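Colleague: Chains P and C, in that order, give the protein sequences.
Okay, so the first sequence: first residue is 1 according to UniProt numbering, each after it adds one.
Okay, so the second sequence: first residue is 1 according to UniProt numbering, each after it adds one.
For every residue, glycine included, the Cβ atom is placed at its ideal position computed from N, Cα and C.
What you are looking at is a predicted structure, and each value in this text was computed from that prediction instead of being measured.
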Amino acid sequence: MLDERELATRPIVQDSVQHNARTVSNIRALTASLFGVAAGTLGLESIPGFIFYALGTAVVSVLIFAFKAESEPKAYFYRPMADLWAGDMFGGLMSFVLTWTLFYNLAKA
Amino acid sequence: MAEAQQILRDPALFYWILLPITVVMVLTGILRHYLSTLLQSAPKRQPLAKLREQRSLLRSANLRTNYAQISASAFQKRREWLIENARDGKFLADPDARGKGKPNPMSDPAMMEGMMGMMKGNVAMMVPQSLIMGWINAFFSGYVIMKLPFPLTPQFKQMLQAGVGTRDLDVRWVSSLSWYFLTLFGLQPVYNFILGSNNAANQVTQQMAQSQMGANPMGGAEDPEKLFNAEAENLEVIEHYYILDGVEDRLLERFQGAI
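Below is the structure:
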């Protein structure tokens, strides 16, 4: 009951939440594709490639935290841990694999 | 598995297979987006009584979620009025049908209309997909065109090397069908940038969204009288509080540090 009142006095606006989530997922998708280009051009294979992706997304998370959220994720995300740091970590994986494969083949062929 | 199986490939494979498939996939996504936009039938004009029934339900639901925004007396008035009318069945579109139970969804033309709309959407999804798969299978099967940068288990050999017919070839060498699958799953950001975020280009994400909603297509077939009774009961049990209760304290608390 107390939580409910807290939410009523400081409401969370659905539109803003959606907008923030969309911004994060757009950034992630774009960077994932670019990481795929880089990994393919470097000729990374199997495990190193996926490690490259994990490192890249971690760096992107830090960048979002520093620039987009202005080091105050509480103000932008309801649950900063889930929405900013871990959120959508694997959303860009398919596009990463796509561009990775494409550029790996273009570079090696 | 052999250390590094090398296969000499003609660079023309890229220009005549990889590129066309990619372009076709992107264009199909765009086509699918516009197709599903065009196929959406305009909402039908509904009779006044039916509309009143729906809006009254909506109104009571809104009161239930936003009751904190109005004062206690205002809430009390609205609640009494809504409960009384809901119990008497004044909002019902068809007061004569009270107590006859659930209508059959098949007999209602409006329901049929809704189901037709969904069918149209599904057809717009399925037809291009199967067409392209048939196209790829007809033109580009029987040879490998690319090497995946990561290993796969041999189970994928059946699917990704269909029609190649070499037993010992590494699974990493795959035919054009696998490129089709990669583009199918990986092109969502491309659509996002071309068509904006709310596009209907990728049927995979759409299916995911649908399964998450768990929407029941027959949801509208509930007996309206039962819905109103449930709504009235829900309204009755609400314990009202006003959002401005204690607002002075909260305000002072907020500016305490500033002094």
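#1: Taking contact to mean 3 or more Cβ pairs, one atom from each stretch, closer than 8 Å, check whether the stretch 89–107 of chain P and the stretch 140–160 of chain C are in contact.
#2: Distance cutoff 9 Å, beta carbons only. Does Gly92 (chain P) sit that close to anything in chain C?
#3: Determine the burial state of Met1 (chain P): buried for a count of at least 16 other Cβ atoms within 10 Å of its Cβ, exposed for fewer.
#4: For a quick check, are the C-beta atoms of Arg24 (chain C) and Trp179 (chain C) less than 9 Å apart?
#5: Along the chain, where does the beta strand (DSSP E) containing Ser33 (chain P) start, and where does it finish?
#6: Just to make sure I have the definition right: I need the residues of chain C whose C-beta is within less than 8 Å of the C-beta of Thr101 (chain P). Which are they?
#7: Measuring CA to CA, which of C:Arg59, C:Ala68, C:Leu19 is closest to Asp245 (chain C)?
#8: What is the DSSP secondary structure of Lys147 (chain C), counted as helix, strand or coil?
#9: Quick check on Lys168 (chain C): buried or exposed, where buried means 16 or more other Cβ atoms within 10 Å of its Cβ?
#10: Applying a beta-carbon distance threshold of less than 8 Å, which residues of chain C neighbour Gly49 (chain P)?
#11: Classify Ser61 (chain P) as helix, strand or coil using the three-state DSSP reduction.
#12: Determine, for Lys74 (chain P), whether the minimum Cβ-Cβ distance to residues of chain C falls below 9 Å.
#13: Under DSSP, the beta strand (DSSP E) around Ser175 (chain C) begins and ends at which residues?
#14: Let me know the secondary structure DSSP gives Thr65 (chain C) once reduced to three states.
#15: Looking at chain P, which residues of the stretch 230–259 of chain C have a Cβ within less than 8 Å of any of its Cβ atoms?
#16: Can you check whether the C-beta of Ile17 (chain C) is within less than 9 Å of a C-beta belonging to chain P?
#17: Under 9 Å between C-beta atoms, does Val190 (chain C) make it to chain P?
#18: Less than 9 Å between the C-beta atoms of Arg79 (chain C) and Leu235 (chain C), yes or no?
#19: Contact between the stretch 13–20 of chain C and the stretch 30–37 of chain C is defined here as three or more beta-carbon pairs at a separation below 8 Å; is this criterion met?
#20: On the DSSP letters alone, give me the boundaries of the alpha helix (DSSP H) that Ile238 (chain C) sits inside.
#21: For the stretch 42–57 of chain C against the stretch 188–195 of chain C, do three or more pairs of beta-carbon atoms, one drawn from each stretch, fall closer than 8 Å, so that the two count as touching?
#22: Chain P partners of Gly186 (chain C), CB-CB under 7 Å?
#23: Residues of the stretch 29–44 of chain P with a CB closer than 9 Å to any CB of chain C: list them in chain order, please.
#24: Which residue's Cα is closest to the Cα of Phe90 (chain P): P:Thr41, P:Tyr76, P:Ser61, P:Glu72?
#25: If you pair each beta-carbon of the stretch 80–91 of chain C with each one of the stretch 118–129 of chain C, do three or more pairs fall below 8 Å?
#26: Could you compute how far the alpha carbon of Ser71 (chain C) sits from the alpha carbon of Glu225 (chain C)?
#27: Counting only C-beta atoms, is Phe14 (chain C) closer than 9 Å to chain P at any point?
#28: For Ile64 (chain P), is the classification buried or exposed, using 16 other Cβ atoms within 10 angstroms of its Cβ as the cut-off for buried?
#29: Against chain P, with Cβ distances strictly below 9 Å, would Phe193 (chain C) count as a contact?
#30: Over the uninterrupted alpha helix (DSSP H) stretch that includes Gly29 (chain C), give me the two end residues.
#31: Show which residues of chain C have a CB atom less than 8 Å away from the CB atom of Leu106 (chain P).
#32: Less than 9 Å between the C-beta atoms of Ala86 (chain C) and Glu231 (chain C), yes or no?
#33: Does the beta-carbon of Met94 (chain P) have 16 or more other beta-carbons within 10 angstroms, so that it is buried, or is it exposed?
#34: Take the Cβ of Phe255 (chain C) as the centre, count every other Cβ of all protein chains shown within 10 Å, and call the residue buried at 16 or more, exposed below.
Modeller: Short version:
#1: yes
#2: yes
#3: Confidence at Met1 (chain P) is low in this model, with a pLDDT of 44, below 50, so the placement of that residue is unreliable and no value is reported for it.
#4: Checking the displayed sequence, the identity of residue 24 (chain C) turns out to be Val instead of Arg. In this structure, Trp179 (chain C) does not lie closer than 9 Å to Val24 (chain C) by Cβ.
#5: Run containing Ser33 (chain P): none in the beta strand (DSSP E); it sits in the alpha helix (DSSP H), 14–42.
#6: Met146, Leu148, Pro149, Trp179, Leu182
#7: C:Ala68
#8: strand
#9: Sequence inspection shows Asp at residue 168 (chain C); the Lys mentioned does not correspond to that position. With fewer than 16 other Cβ atoms within 10 Å, it is exposed.
#10: Pro149, Phe150
#11: helix
#12: no
#13: 173–175
#14: helix
#15: Tyr241, Ile243, Arg250
#16: no
#17: yes
#18: yes
#19: no
#20: Per DSSP, Ile238 (chain C) belongs to no alpha helix (DSSP H) and is neither H nor E.
#21: no
#22: Met94, Ser95, Val97, Leu98
#23: Ala29, Leu30, Ala32, Ser33, Gly36, Ala39, Gly40, Gly43, Leu44
#24: P:Ser61
#25: no
#26: 29 Å
#27: yes
#28: buried
#29: yes
#30: 19–39
#31: Phe14
#32: yes
#33: buried
#34: exposed
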